[in-house]
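Novice: Got a structure for you, questions after.
Residue numbers (our numbering), protein chains in the order written: chain A, -19 to 394; chain B, -19 to 394.
Below is the structure:
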């Protein structure tokens, strides 16, 4: 059966049938992009193939290629880390190349050219799940450099899986006088329901706005009307696949971008452009971990992290931030070994409070540090950043409980 | 300064001031129950105390004490595990005794007497964070016994911190011909905003209803109008302190109980009373753990669990269920050692799908078992229950991916 990339075919094998567009494959499998947007890989051996339709030629967009600097527009640097969004896309075959030059971006989403003078920079090209703390440092340095060199705004295209961690890291590492906007795409660009064009356009609108925050811009709902602007330290991916997966937790959003009009409305305080001086604290301590407490979980688990030389641990406790009583001696042992134990809640919403019940007060006596209303993942990233600055336990405690980048809100229990 | 339990006093110390009702204290601290409902403990040393108001005598409820069996009503057994709800409460001082006889319950919430013939049974008396898998077995046995002996419905009062784990455990261990209803209280009974009376009444309404499911009944919203009835395997505590903390995830609720009218409306399928034969599979394998993947988390973490002799592991991956590429060999090693590795998502909402990206397919090839749209915590409990029945890996895989107690919904990606 003769077919080439971009053709639509039907493959039957082992009782199952798949229809879709043939994608590039390096493994020898037949890779099909299905209508759902998902790819499926099928061993060709024994598969029955029916040809359905030839590759359609792509209509060239009207604006093609040339990036000409417009003096009336702000300069935005588009940093790529390997996410799908704003990569070079063949809309018909769905093949994605993640090299991301300015030309590529403007060719893919020509509307960006009307919003800003866009220049591209590739920091890394990895799958989001392979993101590591040392790449956060590279990313923070790149952003620092670009702003030093006069960028009026930064857009960082990032895979959605670990975007919340990277965005939080930059929020703790950088003080910025201009917008630094993380953006991603939940659906690959060739899907009818793809969110990448809208998200990229809205993110660029924020990058040229007055909102000099490190933030994340993603679809607000499953319709295509607005993107939400989230504080980098308050947003969490709350769905495996929906376009509106990103939600602010324990905080309102900073605001919204209307896709049709480009208008930005805000509902929270933000630092205005130029208010903050550019600064970089790039040192971090990556030897930190999250331990999730579950019923019956043995104290030896926490013990392992202490003995393995971790420098800081976040416990995702139950409810107000609890572990079973038999974990308390291990918390004490960690504290005595100068390893901070930070308590967050697996509830995600709400504030940790260990003053209400006995177990909590025992945990506090043993040295546990309450993460207030920080997300557990954000508490982990913050702990890495704080331990990059100091290993003095009282100082770590103070910094962990002090608001640095909107990650904590004020509260009085009384 | 002279004061006694139940009096309202003001304590000033170190620049802070607290007003509240004096609670019993065994530590020598002054313990105050504040208007917010929270307790605060203050070292009496150097504290300045002002007397505000004497203890108010409690109005005795009209219906007091006597449990007389009403032949027109169903028989409900109220099982206590140490939760606050339906314990014996001094409404004024807030002191809670968790011994829970039928008399105590009806004395506390006399309205229950009109709904069912209530009998109490104490299974354990612990803080919810000290719940262990072997107590799930005791609890399941107690429920089995009571239903064998003719109970028409069971209400289990449970601390909210680990209620989702216990409820899921019973859902996997028991087949029940009558309702088995978990209920808890987010606020202690003396708070003006306490949810315990409404939750207990609504839970009892469900216990006498036709809904023969293992379920959880808690406030639907922060107002006092309805309780939601959740499948035990689909509900998660999503807030540290709000009354409406319990939310169904990846599923609709079974239905609602209107507090004012007692009317039950349903919006999902349920097994009707008498449809299922009573059965108990009480054997579980507690040596299982959840490992949460975060950026930069080292593969040695997973390695530790394998080497420490755990029998099954749930990985809370990112997005569709991913870990970094360097974890894949450890997944393979676990599988080869007959240790099932189950993949759930830290997004909580949505379905795991490792067929879309390269890392995922590598994980599947290494033997990872997708938890479909199960909550990670429920996947852990289910894994314990499944491993109680078999350690045959292909069988474990099959059982983990088969719906047993509404924990998975059907889907087709195409």
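For glycine and all other residues, C-beta sits at the position ideal for the given N, C-alpha and C.
Which residue comes first and which comes last in the beta strand (DSSP E) that contains residue 207(A)?
Specialist: Run containing residue 207(A): 206 to 211, per the beta strand (DSSP E) assignment.
Novice: Which same chain residues, not among the five before or five after residue 202(A), have their C-beta less than 7 Å away from its C-beta?
Specialist: Taken in chain order, the residues that qualify are 222, 223, 224.
Novice: On the CB-based measure, 16 or more other CB atoms within 10 Å of its CB, does residue 374(B) come out buried or exposed?
Specialist: By the 10 Å Cβ count, residue 374(B) comes out exposed.
Novice: Would you report the Cα separation of residue 344(A) and residue 331(A), rounded to the nearest angstrom?
Specialist: Straight-line Cα distance between these residues: approximately 15 Å.
Novice: Sort 300(B), 147(B), 13(B), 266(B) by Cα distance to residue 35(B) and report the nearest one.
Specialist: Checking every option, the nearest Cα to that of residue 35(B) belongs to 13(B).
Novice: Just grab the DSSP bridge partners of residue -12(A) for me.
Specialist: Answer by DSSP bridge pairing, in chain order: 1(A), 33(A).
Novice: Hey, quick one: how far does the beta strand (DSSP E) through residue 296(B) stretch, first residue to last?
Specialist: From DSSP, the beta strand (DSSP E) with residue 296(B) extends over 292 to 297.
Novice: Does residue 459(A) pass the burial test, meaning 16 or more other C-beta atoms within 10 Å, or should it be called exposed?
Specialist: The structure shown does not extend to residue 459(A), since chain A is modelled only from -19 to 394, so the question has no answer here.
Novice: Could you check whether residue 295(A) and residue 323(A) sit closer than 8 Å to each other, using their CB atoms as the reference points?
Specialist: Yes, the pair counts as a contact, with Cβ atoms nearer than the cut-off.
Novice: Measuring only the C-alpha atoms, how far is residue 132(A) from residue 189(A)?
Specialist: Cα to Cα, residue 132(A) sits roughly 9 Å from residue 189(A).
Novice: Please confirm whether residue 389(B) and residue 248(B) have their CB atoms less than 8 Å apart.
Specialist: No, the Cβ-Cβ distance between residue 389(B) and residue 248(B) is not below 8 Å.
Novice: As a quick exercise: from 299(B), 164(B), 293(B), pick the residue whose alpha carbon is nearest that of residue 395(B).
Specialist: In the structure as shown, chain B begins at -19 and stops at 394. Residue 395(B) is therefore absent and cannot be evaluated.
Novice: How about residue 24(A): is its C-beta nearer than 8 Å to some C-beta of chain B?
Specialist: Not one chain B Cβ lies under 8 Å of residue 24(A).
Novice: Can you list, in chain order, the residues of its chain with a C-beta nearer than 6 Å to that of residue 70(B)? Leave out the 5 residues immediately preceding and following it.
Specialist: At residue 70(B) the pLDDT is 43, less than 50, meaning the model places this residue with poor confidence; the figure from the coordinates comes in the next sentence. Closer than 6 Å at Cβ, skipping near neighbours: no residue.
Novice: Assign residue 252(A) to buried or exposed, taking buried as 16 or more other Cβ atoms, counted over all protein chains shown, within 10 Å of its Cβ.
Specialist: Counting Cβ neighbours within 10 Å, residue 252(A) comes out exposed, since fewer than 16 surround it.
Novice: Report yes if the CB atom of residue 99(B) is closer than 8 Å to the CB atom of residue 58(B), and no otherwise.
Specialist: The answer is yes: Cβ separation under 8 Å.
Novice: Please look up how many angstroms separate the CB atoms of residue 306(A) and residue 107(B), rounded, as I've assumed it's under 8 Å.
Specialist: Contact flag wrong, Cβ pair sits at about 12 Å.
Novice: Quick check on DSSP: helix, strand or coil for residue 108(A)?
Specialist: In the structure shown, residue 108(A) sits in a helix (DSSP, three-state: H, G or I).
Novice: Per DSSP, residue 350(A) forms a beta bridge with which residues?
Specialist: 323(A), per the DSSP bridge assignment.
Novice: Excluding sequence positions up to five away, which residues of its chain have a Cβ less than 6 Å from the Cβ of residue 379(B)?
Specialist: Counting only Cβ-Cβ distances below 6 Å, and skipping sequence neighbours, we find 366.
Novice: Would you tell me roughly how many angstroms separate the C-alpha atoms of residue 383(B) and residue 349(B), rounded to the nearest one?
Specialist: Using only the alpha carbons, I get a separation of about 14 Å.
Novice: In chain C, what lies closer than 8 Å to residue 145(B) by C-beta?
Specialist: Going by chain labels, chain C is absent from the structure shown, which instead holds the protein chains A and B.
Novice: Checking the sheet assignment: what are the DSSP bridge partners for residue 198(B)?
Specialist: According to DSSP, residue 198(B) bridges with 208(B).
Novice: Check the Cβ-Cβ distances between residue 250(B) and every residue of chain A, and say whether any is below 8 Å.
Specialist: Output row for residue 250(B): interface = no.
Novice: Considering only residues of the stretch 250 to 287 of chain B, which uninterrupted alpha helix (DSSP H) runs meet the minimum length of 4 residues and lie entirely inside it, listed in chain order?
Specialist: Listed in chain order, they are 279 to 287.
Novice: List the residues of chain B whose Cβ lies closer than 7 Å to the Cβ of residue 305(A), in chain order.
Specialist: Here the neighbours are 110.
Novice: On the three-state DSSP scale, how would you describe residue 155(A)?
Specialist: Note: residue 155(A) maps to strand in three-state DSSP.
Novice: Which whole-angstrom value is the C-beta distance of residue 361(B) and residue 145(B), which I expect to be below 8 Å?
Specialist: About 6 Å; that satisfies the 8 Å criterion.
Novice: In chain A, which residues lie with their C-beta within 7 Å of the C-beta of residue 283(B)?
Specialist: The premise fails here: residue 283(B) is roughly 10 Å from chain A at the closest Cβ pair, so nothing lies under 7 Å.
Novice: Keeping to the same chain, check which residues put their C-beta closer than 7 Å to that of residue 298(B); ignore five residues upstream and five downstream.
Specialist: Excluding positions up to five away in sequence, the list reads 273, 326.
Novice: Anyone know if the C-beta pair for residue 301(B) and residue 334(B) falls short of 8 Å?
Specialist: Yes, Cβ-Cβ distance for residue 301(B) and residue 334(B) is below 8 Å.
Novice: Find the nearest neighbour of residue 62(A) within the set 313(A), 110(A), 283(A), judged by alpha-carbon distance.
Specialist: Nearest option by C-alpha distance: 110(A).
Novice: Out of curiosity, what's the CA-to-CA distance linking residue 40(A) and residue 148(A)?
Specialist: Reliability of the predicted coordinates at residue 40(A) is poor, the pLDDT of 40 falling under 50, and the value obtained from them is presented with this limitation in mind. Taking the straight line joining both Cα atoms gives about 38 Å.
Novice: Measuring alpha carbon to alpha carbon, tell me which of 194(B), 218(B), 130(B), 309(B) ends up nearest residue 166(B).
Specialist: Here the closest residue by C-alpha is 218(B).
Novice: Indicate whether residue 157(A) and residue 254(A) have their beta-carbon atoms separated by less than 8 Å.
Specialist: Yes.
Novice: Can residue 364(A) and residue 268(A) be called in contact, C-beta distance under 8 Å?
Specialist: Taking 8 Å as the Cβ cut-off, residue 364(A) and residue 268(A) qualify as a contacting pair.
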